[in-house]
Amino acid sequence: MEDPQYTIGAVSSYGRCYMSEMTGTKPMLIIGGGKAGGEAAATLRSEGFRGPMVLISQESSVPFGRPPLSKTYLRSEEDLSGWLVRPPEWYEAQDVELMPESSVASIDVASHTVALTSGRRLAYDKALIATGGRNRVLRIPGAQLPGIHYLRTVAECDAVKADAVAGRRAVVVGMGFIGCEVAASLAQLGVQVTAMFPGKDPLDRVLGSEVGALIAAIHRSNGVRLMSGAEVTGFEGIDRLEAVGTADGDRTPCDLAVVGVGISPDTSAADGSSIAQDNGILVDERCRTSATDIYAAGDVANHLHPVFGRVRVEHYNSAQHHGQAAARAMLGSASPFDYIHNFWSDQFEHTLQYVGHATKWDDFAIRGSIDDGRFIGFYRLAGVVRAAVGFDRGGDPEWESKSEMAACANLVARRAQPDHRALTDERTDLHSLAHT
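As structure tokens, then:
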């Protein structure tokens, strides 16, 4: 039975018919002005929805993609104009009401209303929570000293840029993807970089020891000092950061520090409500939460995926596609969100591409050569290809349908089980292995 609040809209470019024209006055409400929220707003309009829409954002700018904040924008090589989901004038032209520098304090799922931290209350017809994540912060002595930076917003990036003067000394705490990219960017700016992290090599927990060792070698060859197995226990200084101390007694003098120790999902809008949570807001394969007419997408959403099971993914491409899928679900689409997650990372002159999602594997098959620094690696569990990584090889799976990484995405989607020898044999076309 059709929802009586909607009438049948136009057939979309995906060939599905959505319920798109809202006959009531309550708006579609998007909580969060990041990539996922912006994509949802744009998709609602492109799919034919012409009813009222409100986008609530904690930031002062329109929605944009964050990747340049650790790379090209940080190095002042480009501005953010090319990373806007839509230009500012689009929102006015499309009658999307923007509420910048605003946040939701609570959601009343029974009355279909939200309370803003300003005290204002808004009613909604359907709501999307796309609040992303918050930086995990270090709560150690000296943590409030000037010169200690986190990186998620434009303002935070601008603060790092102001401090990142050639010849200065920086400590990067954490060598996940953000830490690795920031360390590389600072080194390229002429800053003397020391990186402190708990593992043996950067990213070895995510990518494995072989790839981690390669990334470590690249950073060292570009002048980054790596302190593996380091536990940061305190920041030192009088009026400003002067040094970073570790559990083994090391004291590293520095002029600035950038902390990248991960994010936690920003569930504050849903806290205190009946919306189910577990490492984020729980949603099904159609982006639906446990509360009627409330959806979630992006970094904040712990979603049910037909290939990977229940996962929460913190990457730009995922936020883009998840926001689009959530908008279509809000308009009545029954299609599951089955996007094969992928992301990239640029460090120095090298590019890493990754497709799939693997937290454990029992075989790592390599096509090409890690020693030469050009390869594709396949993460397999019980014979099934769960993920693949391409290092300076493979192409972009999003834009190059015939690329090697696009073939890898197909292998993951089909749960293919090619044997180790076929994966590593350069003479075997990867596209041909999808049905094995």
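Take 745 as the starting number for the sequence shown in this note's numbering and just add one per residue. Backbone N, C-alpha and C fix where the C-beta goes; we use that ideal spot for every residue, glycine too.
(request) With distances taken Cα to Cα, identify the nearest neighbour of F808 among P796, K815 and S825. (result) S825
(request) Grab me the residues of L1177's own chain with a C-beta within less than 8 Å of its C-beta, minus the 5 sequence neighbours each way, in chain order. (result) A distance below 8 Å between beta-carbons, with the five flanking residues on each side excluded, links L1177 to the following residues of its chain, in chain order: A1151, L1155, A1160, P1162, A1166 and L1167.
(message) Using only CA atoms, which one of G989, A1109 and E925 lies nearest to H1094?
(response) E925
(request) On the DSSP bridge assignment, give the partners of L1177 in chain order. (result) According to DSSP, which records beta bridges pairwise, L1177 is partnered with nothing at all.
(request) Could you work out which residue in G978, L842 and H893 is closest to G886 when comparing CA atoms only? (result) Cα-wise, what sits closest to G886 is G978.
(message) Quick test of your reading: S1062 and H1085, contact by CB under 8 Å. State the CB separation rounded to the nearest angstrom.
(response) That pair is a contact at about 5 Å.
(message) Suppose contacts are defined by Cβ-Cβ distances below 7 Å. Is A1070 in contact with A784 by that definition?
(response) yes
(request) Assuming Y817 contacts C901 (C-beta within less than 8 Å), just tell me the rounded distance between them. (result) 6 Å
(message) With a threshold of 8 Å, are at least 3 pairs of Cβ atoms found where one atom belongs to the region 1023-1041 and the other to the region 897-914?
(response) no
(request) Kindly list the residues whose CB is nearer than 6 Å to the CB of T1172, restricted to its own chain and excluding five residues on each side of it in sequence; keep chain order. (result) A1166
(request) Check S850 in the structure and name its three-state DSSP category. (result) Annotated three-state conformation of S850 is strand, per DSSP.
(request) Jot down the residue ranges of each uninterrupted alpha helix (DSSP H) in the region 779-830, minimum 4 residues, whole runs only, in chain order. (result) 779-790
(request) Identify which residue in V904, Y1083 and R865 has its Cα closest to the Cα of L1000. (result) V904
(message) Check for me: the beta strand (DSSP E) holding A1045 runs from which residue to which?
(response) A1045 to H1049
(message) Among L1096, F1092 and D1010, whose alpha-carbon lies nearest the alpha-carbon of Q1021?
(response) D1010
(request) Jot down the residue ranges of each uninterrupted alpha helix (DSSP H) in the region 965-1000, minimum 4 residues, whole runs only, in chain order. (result) The region 965-1000 is shown to contain no whole alpha helix (DSSP H) run of 4 or more residues.
(message) Taking the beta carbon of D1116 as the centre, do at least 16 other beta carbons fall within 10 Å, making it buried, or is it exposed?
(response) exposed
(request) Tell whether a beta-carbon distance below 7 Å holds between F1092 and A957. (result) no
(message) If you measure between the beta carbons of R1124 and D1107, is that distance less than 7 Å?
(response) yes
(request) Could you check how far apart the C-beta atoms of Y1098 and V1057 are, in whole angstroms? I think they sit under 8 Å. (result) About 11 Å separates the two Cβ atoms, so there is no contact after all.
(message) I need the straight-line Cα distance from A1153 to A939, nearest angstrom please.
(response) 32 Å
(message) Is it buried or exposed, K770, if we count other Cβ atoms within 10 angstroms and call 16 or more buried?
(response) buried
(request) Alpha carbon to alpha carbon, how far is V1044 from H1059? Give it in angstroms, no decimals. (result) Taking the straight line joining both Cα atoms gives about 11 Å.
(message) From the DSSP secondary-structure annotation, give me the bridge partner or partners of P1009.
(response) G877
(request) Could you tell me whether the Cβ atoms of V916 and V1005 are closer together than 7 Å? (result) no
(message) Assuming contact is defined by CB atoms lying nearer than 7 Å, are G920 and G778 in contact in what I supplied?
(response) no
(request) Ignoring anything shorter than 4 residues or poking outside the region 861-912, list the alpha helix (DSSP H) runs there in chain order. (result) 898-907
(request) Look at the Cβ atom of R865, then the Cβ atom of A871, and state whether they are nearer than 7 Å. (result) no
(request) Under 7 Å Cβ to Cβ from G1024, same chain only, skipping five residues before and after it: list those, please. (result) P1009, T1011, V1044, A1045, N1046 and R1056
(message) Mapping the DSSP letters down to three states, classify W1088 as helix, strand or coil.
(response) Taken through DSSP and simplified to helix, strand or coil, W1088 comes out as strand.
(request) Entirely within the region 1067-1145 and at least 3 residues each: give me those beta strand (DSSP E) ranges in chain order. (result) 1086-1091, 1094-1100, 1107-1113, 1118-1125 and 1128-1135
(request) Verify whether the separation of the beta carbon atoms of A849 and H856 is less than 7 Å. (result) No, the pair does not count as a contact, with Cβ atoms beyond the cut-off.
(message) I'd like the list of long-range same chain contacts for F941, defined as Cβ closer than 6 Å, with 5 residues on each side in sequence excluded.
(response) Cβ neighbours of F941 beyond the five flanking positions: G918 and M919.
(request) Please go through the same chain and pick out, in chain order, the residues whose beta-carbon is closer than 6 Å to the beta-carbon of E841, but skip the five residues on each side of it. (result) Within its own chain, the residues whose Cβ lies closer than 6 Å to the Cβ of E841, once the five positions on either side in sequence are excluded, are V798, listed in chain order.
(message) Can you find the residues in the same chain that come closer than 6 Å, C-beta to C-beta, to T861, ignoring five residues on each side of it along the sequence?
(response) S847 and A849
(message) By the three-class DSSP mapping on this structure, what secondary structure does Q838 have?
(response) Residue state, collapsed to three classes: coil.
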